[in-house]
Amino acid sequence: MNQEANEDKVSARPCWCNCVAEADAEILDIDKMEDSIAPLDEETIQIRQLIMGFELCYHEAEKEAEYIAQAIGAGHCPERSNERPPQRKKELENFQQILSSWCKDPTVSNINLDIGGISADELLRSIGSPTPLKIWQVERIIDKIIEALDKSRPYHNIVLDLGPYGEPGANPVGEHYKDSLDFVKKTTETIIHDTVDGRKAKISLAMAIDMLEPCNWDFVGAIATLLKAIGGDLNPARPYACHQRNIELSPLRDRLKIISNTLRAFWKPEEKTENIDSDILASLGELTPVKRWLAASLDKTIRLHLEASSDFWLTFS
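Next up, the structure:
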C-alpha cells in the first residue's frame, strides 16, 4: 500500500523549488496551464523566475509580491534598483561598526548608534565579559554582515552544509576553521532553547549563526538573540527566527494573505474571494492565459509559504 502511495507522488517541476519537492493536484493543474501556453516568451520566463525566487521570510516580501503582481499586469518586469534597501543597508553598517568596535576593544561604550530601537550599549552589554571564545563568535556574526555588504568577501559556514533549498553537501565545512576547532566545538555544543511556533525547540549557536540572513524579516531581533546566547542567555524570551523558522511571527503574513486572495480573485474569478486589494486587482488588467498562469503560480507560491509546516525546525539543530 505504501509503495503504491509513493508511486503516485509526482516530483514538482524545478520552478517550484522554493516551495515543495512534490506536486499536489493544484500544482499539476497550474503546470497544465503552462503547457497550454508554451513556448514561453522571455518576459514571461523572467516573471516566473521572480516567483521562483519569492521567499516569505524576506523582510520586504510583501513589496516583492506587489512588484511581481505589477509585472504580471504589465507583461514585463518594470525597472527597479537591485541595491539593498537603504534602511537595511544602514542597519548592517551600524551592526558592523558596533560589533567590530567591541572586538577591537571590549571595554568600548557610549557608541552613538542604535538599531531597531536597540542601543549599541544594550547590544554589547548582552555579550557580558569578553573571552577569546566570545570574540571569535562575534567575529563570525561580523563575517555574515560583511558578506551582505560585500559579496567578494564570503562567509564560511561553521557547521551548516546545506544549500538554499536543503541540498546536502552544498557548503562543505571544517577546513576554514581548522585552526579554531575548540571554538567550533564549543559553539556547536552551545544550545539555544526556544520555541518554534509556540512549541519547544532548540538550535545550536553554531547553526544559528550559519543560518543568520541579513535579508530576513527579523534580522535585528535575530542578532540580539545571538548576542545574548553568546553572553550565556540560552533561553531567550524572543524566539530565534531565520529562514522559515518562526515565520508565523512575521508581521507581513496578513498583507501577503490579502495579496494571495487578490491573485486568486483574478485567476479564479468564478470563486467569490474576500479581503482583496482592489488596486492590485485593477493593475492586473485583463485576464489572459499567460496572466492566469503567472497569477496562479504566485498565489500558490505565497499560500505554500504561508501554510508550510514548522515540524522540520523542531529537530533541526
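The sequence shown begins at 41 in our numbering and counts up by one. All C-beta atoms in this analysis are idealised placements derived from N, C-alpha and C, irrespective of residue type, glycine included.
8 Å contact criterion, which residue i and residue j should meet: CB distance rounded
| i | j | result |
| --- | --- | --- |
| Y98 | C255 | 6 Å |
| D237 | S350 | 5 Å |
| K340 | I70 | 6 Å |
| K268 | P276 | 6 Å |
| I316 | I298 | 7 Å |
| I232 | L245 | 6 Å |
| Y107 | R120 | 7 Å |
| S318 | Q110 | The pair is not a contact, with the Cβ atoms about 15 Å apart (cut-off 8 Å). |
| S357 | I243 | 5 Å |
| E102 | R295 | 4 Å |
| L132 | A188 | 6 Å |
| R180 | I249 | 5 Å |
| G2 | G325 | There is no way to answer for residue 2, as the model of the chain reaches only from 41 to 357. |
Simplified DSSP assignment, three categories, for residue i
| i | result |
| --- | --- |
| A45 | Reliability fails at A45, whose pLDDT of 43 lies under 50, so the model's placement of it is uncertain and no value is given. |
| D154 | strand |
| T313 | coil |
| A109 | helix |
| K240 | strand |
| Y98 | strand |
| R193 | coil |
| V178 | helix |
| E119 | coil |
| V50 | strand |
| H283 | coil |
| A63 | strand |
| N275 | coil |
| S169 | coil |
| T147 | coil |
| D234 | strand |
| S159 | strand |
| D339 | helix |
Status (buried if at least 16 other CB within 10 Å, exposed otherwise) for residue i
| i | result |
| --- | --- |
| D234 | buried |
| I85 | exposed |
| V50 | exposed |
| Q177 | buried |
| D81 | exposed |
| E95 | buried |
| N197 | buried |
| G272 | exposed |
| N46 | Because the pLDDT of N46 is 47, which lies under 50, any placement of that residue in the model is unreliable, and the question is left without a value. |
| R304 | buried |
| L221 | exposed |
| T355 | exposed |
| A105 | buried |
| K130 | exposed |
| Q284 | buried |
| L68 | exposed |
| F352 | exposed |
| L327 | exposed |
| R88 | buried |
| E44 | Residue placement at E44 cannot be trusted, given a pLDDT of 43 that sits under 50; the coordinates are not used to answer. |
Host alpha helix (DSSP H) of residue i (start-end)
| i | result |
| --- | --- |
| T355 | D351 to T355 |
| T265 | F259 to I270 |
| W56 | Premise fails: W56 is in no alpha helix (DSSP H) and is neither H nor E. |
| R304 | R293 to W307 |
| A246 | L245 to M251 |
| D319 | S318 to S323 |
| L90 | E82 to M92 |
| E229 | L221 to E229 |
Can you find at least 3 beta carbon pairs, one from the region 212–230 and one from the region 153–168, that sit closer than 8 Å? The region 212–230 makes no contact with the region 153–168; the number of CB pairs closer than 8 Å stays below 3.
Is the region 166–181 touching the region 133–153 in the sense that three or more CB pairs, one from each, lie closer than 8 Å? Because the criterion of three Cβ pairs below 8 Å is met, the region 133–153 and the region 166–181 touch.
Contact the region 331–338 vs the region 298–311: 3+ CB pairs below 8 Å: Yes, the region 331–338 touches the region 298–311.
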